[in-house]
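Visitor: When you number the sequence shown by the working numbering, it's gap-free, plus one each residue, and the end is 270.
Glycine included, every Cβ here is placed at the ideal spot set by N, Cα and C.
Nothing here was measured: the structure is a model prediction, and the numbers come from that model.
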Amino acid sequence: ITVPKNSAYDEPIIINNDTSKEAFSHIIILAEENSRITVIDKDFSEKESSYYSKCVELVLKDNAKVTYIHIQNLKNNRFNFCFKKAKTSKDSEIRWFDLFTGSDFCVSRTDCELEKQGSSAEALGVFIGTEKQQFDINNTTRHIEPYTTSNIKIKKVLDDDTKSIYNGLIRIEKEASDIRKMWSDEEI
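1) For Asp92, which option in Ala205, Ile252, Asn249 and Ser117 has the closest C-alpha, if you only look at C-alpha atoms?
2) What's the call for Arg106, buried or exposed, on a 16-neighbour Cβ count within 10 Å?
3) Roughly how many angstroms lie between the CA atoms of Glu104 and Ser174, to the nearest whole one?
4) Is the beta carbon of Gln216 sitting closer than 7 Å to the one on Lys245?
5) Measuring alpha carbon to alpha carbon, tell me which of Ser132, Ile254 and Lys214 ends up nearest Leu240.
6) My output table needs one value for Asn159: the three-state DSSP class, helix, strand or coil.
7) For Thr192, which residues from the same chain have a beta carbon less than 6 Å from its beta carbon, with the 5 sequence-adjacent residues on both sides left out?
8) By the DSSP assignment, the beta strand (DSSP E) with Ala90 in it spans what residues?
9) To the nearest angstrom, how far is the alpha carbon of Lys263 from that of Asn99?
10) Go ahead and pull the three-state DSSP assignment for Ser266.
11) If we call anything under 7 Å between Cβ atoms a contact, is Cys87 one with Glu130?
12) For Glu139, which residues from the same chain have a beta carbon less than 6 Å from its beta carbon, with the 5 sequence-adjacent residues on both sides left out?
13) Can you give the beta carbon distance from Pro228 to Glu257, rounded, assuming they're within the 8 Å contact cut?
14) Going along the chain, which residues of its own chain have a beta-carbon closer than 6 Å to the beta-carbon of Ser135, five neighbours each way excluded?
15) Need the endpoints of the beta strand (DSSP E) that Ala105 sits in, please.
16) Just how far apart, CA to CA, sit Asp125 and Gln154?
Right under this line is the structure:
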């Protein structure tokens with residue numbers, strides 16, 4: 083998906099993935115300068131299958147704004163691997179939102195590189211588990227330049243014998259100063 087320079091999509095782009103038909107998907111979004119887009123990416127499974135993997139890459143140019151919403155509702159007999167990465171530019175904003183409710187075993191990794199001044203990233207996630215589901219959640223934000231902002235909030239609602247592992251990292255490079263960061267992980 084390419085979002086042209088100086089354009090804004092008022093309605094979200096919706097991607098519906100029936101993962102029983104494919105084992106891998108790769109989404110690339112290029113948001114050119116002064117652009118804005120919201121993408122709602124829904125993964126579901128109509129039929130039984132054992133494996134699904136997704137890779138999402140976002141490139142934000144100066145003053146671009148991207149909201150990426152990922153809804154994963156797979157059958158519980160699945161192994162699910164989801165890797166998301168964003169690179170930002172000056173004054174750009176990325177907002178990730180994950181809602182995961184399915185699969186027996188789920189690995190979710192979100193990486194964001196705040197490469198230019200004024201860039202910001204927000205990663206929000208809700209993981210709802212029942213029975214014997216397992217979640218392995220990883221969020222990394224790297225502040226490369228000064229005057230960047232990041233916010234990571236993860237909430238997990240776990241029932242029965244559900245297990246989760248969470249790893250979060252906010253890395254601040256030597257050149258990065260005057261940054262704002264927040265990180266929270268809550269489990270019920």
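Guide: Result, derived from the coordinates:
1) Taking only the C-alpha atoms, the option nearest Asp92 is Ser117.
2) Rather than Arg, the amino acid found at residue 106 in this sequence is Phe. Looking at its Cβ environment, which holds fewer than 16 other Cβ atoms inside 10 Å, Phe106 is exposed.
3) Roughly 33 Å separates the two Cα atoms.
4) It is a contact, given that the beta carbons lie within the stated cut-off.
5) It is Lys214.
6) In the structure shown, Asn159 falls within a coil segment according to DSSP collapsed to helix, strand and coil.
7) Contacts found: Lys166, Trp178, Ala205 and Asn221.
8) First-last for Ala90: undefined, no H or E at that position.
9) It is roughly 33 Å from the alpha-carbon of Lys263 to the alpha-carbon of Asn99.
10) Note: Ser266 maps to strand in three-state DSSP.
11) The sequence given here places Lys at residue 87; Cys does not occur at that position. Taking 7 Å as the Cβ cut-off, Lys87 and Glu130 do not qualify as a contacting pair.
12) The beta carbon of Glu139 sits closer than 6 Å to the beta carbons of Ile110 and Lys167 from its chain, once the five residues preceding and following it are set aside; these are given in chain order.
13) Rounded, the Cβ-Cβ distance is 7 Å, consistent with contact.
14) Only Phe106 and Phe163 meet the Cβ criterion.
15) Going by DSSP, Ala105 is part of no beta strand (DSSP E) at all; its letter is neither H nor E.
16) When only Cα atoms are considered, Asp125 and Gln154 end up about 5 Å apart.
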